[in-house]
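Student: Please read through the structure below; I'll follow up with questions.
Numbering (the working numbering), first residue to last: 33 to 216.
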């Protein structure tokens with residue numbers, strides 16, 4: 033097990049967020065958001081994703097330049113809107129929260145796609161450099177497939193598994209990326 037630091041802890045948070053997202057998808061199924069206490073705490077998941085993204089940033093920002101850093105910022109902003117929208121809708125019962133979370137998903141998608149292209153160029157994740165791009169594209173595909181419940185559920189579950197995988201990759205990376213300052 034690699035030595036724990038702030039970046040690796042972010043990876044743990046991102047992985048936990050991925051697991052919680054998948055559990056929500058499986059437990060929620062074809063119905064709306066669950067009205068349970070756990071369903072009302074769904075806003076925590078984007079915060080965990082944000083911690084995972086922050087861990088990735090802490091560990092690999094030295095390799096990222098313009099577009100990678102822009103992707104980080106867009107993704108953080110999108111996750112912020114997503115968490116605020118979930119909190120407003122599910123916890124406070126404010127219906128406009130759905131619009132806020134939808135806007136957050138759009139910004140998150142754009143940010144992850146930009147970050148994904150930067151990750152493909154800088155290759156911090158060995159063979160898994162496509163993962164941020166794939167996670168971002170899954171959100172777009174989910175919007176397109178929204179009318180088909182089973183496909184939407186499957187894509188949403190894969191979205192959560194993507195965050196889980198990304199968090200685990202950050203956690204288990206044996207390199208010390210903080211000391212790496214070279215850009216490929």
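Just so you know, even glycine gets a beta-carbon here, dropped at the ideal spot from N, CA and C. Keep in mind that this is a model prediction, so the values were computed, not measured.
Are the beta-carbon atoms belonging to residue 192 and residue 57 less than 8 Å from one another?
Tutor: Position 160 of the chain shown, counted from the first residue, corresponds to residue 192. Position 25 of the chain shown, counted from the first residue, corresponds to residue 57. Their beta carbons are under 8 Å apart, which means residue 192 touches residue 57 by this criterion.
Student: Using only the alpha-carbon positions, how far apart do residue 147 and residue 109 sit?
Tutor: Locating residue 147 in the chain shown gives position 115, counting from the first residue. Locating residue 109 in the chain shown gives position 77, counting from the first residue. Between residue 147 and residue 109, the alpha-carbon positions lie close to 13 Å from each other.
Student: Is the beta carbon of residue 84 less than 8 Å from the beta carbon of residue 40?
Tutor: For the purposes of this step, residue 84 is identified with residue 52 of the chain shown, where counting begins at 1. For the purposes of this step, residue 40 is identified with residue 8 of the chain shown, where counting begins at 1. Contact: no.
Student: For residue 95 and residue 154, what's the separation of their Cα atoms in angstroms?
Tutor: One-based indexing of the chain shown puts residue 95 at position 63. One-based indexing of the chain shown puts residue 154 at position 122. If you take the alpha carbons of residue 95 and residue 154, they lie about 6 Å apart.
Student: Pick out whichever of 37, 114, 48 has its Cα sitting closest to the Cα of residue 200.
Tutor: Reading the chain shown from its first residue, position 168 is the one you call residue 200. Minimum Cα distance to residue 200 is reached at 48.
Student: Per DSSP, what kind of secondary structure is residue 96 in: helix, strand or coil?
Tutor: Mapped onto the chain shown, residue 96 falls at position 64. Looking at residue 96 - three-state DSSP - the assignment turns out to be coil, as it is neither helix nor strand.
Student: Quick check: the segment 156-173 against the segment 116-124, are at least 3 beta-carbon pairs closer than 8 Å?
Tutor: Three or more beta-carbon pairs separated by less than 8 Å are not found between the segment 116-124 and the segment 156-173, which leaves the two stretches without contact.
Student: If we ignore side chains and look at the alpha-carbon of each, how far apart do residue 189 and residue 97 end up?
Tutor: Sequence index remark: in the chain shown, residue 189 carries index 157 (1-based). Sequence index remark: in the chain shown, residue 97 carries index 65 (1-based). Taking the straight line from one Cα to the other gives about 31 Å.
Student: Kindly give me the distance between the Cβ atoms of residue 144 and residue 167, rounded to whole angstroms, as I take these residues to be in contact under 8 Å.
Tutor: Along the chain shown, one-based indexing puts residue 144 at 112. Along the chain shown, one-based indexing puts residue 167 at 135. Right, the Cβ-Cβ distance comes to about 5 Å (below 8 Å), so this counts as a contact.
Student: Please classify residue 78 as buried or exposed, where buried requires at least 16 other C-beta atoms within 10 Å of its C-beta.
Tutor: The residue labelled residue 78 in the question sits at position 46 within the chain shown. Buried is the call here.
Student: Could you pull the start and end residues of the alpha helix (DSSP H) that residue 169 belongs to?
Tutor: Position 137 of the chain shown, counted from the first residue, corresponds to residue 169. If you look at residue 169, you'll find it in the alpha helix (DSSP H) that goes 163-176.
Student: Give the straight-line distance between the Cα atoms of residue 115 and residue 158, rounded to the nearest whole angstrom.
Tutor: The residue you call residue 115 lines up with position 83 of the chain shown. The residue you call residue 158 lines up with position 126 of the chain shown. When only Cα atoms are considered, residue 115 and residue 158 end up about 30 Å apart.
Student: Mark residue 204 as exposed unless 16 or more other C-beta atoms lie within 10 angstroms of its C-beta, in which case mark it buried.
Tutor: Your numbering for residue 204 matches position 172 in the chain shown. Exposed.
Student: If you count every other CB in all the chains shown that lies within 10 Å of the CB of residue 133, and 16 or more means buried, which is it?
Tutor: As a first step, residue 133 is located in the chain shown; it is residue number 101 there, counting from the start. Buried is the call here.
Student: For residue 82 versus residue 202, is the C-beta distance shorter than 8 Å?
Tutor: As a first step, residue 82 must be located in the chain shown, where it is residue number 50. As a first step, residue 202 must be located in the chain shown, where it is residue number 170. Cβ atoms of residue 82 and residue 202: not closer than 8 Å.
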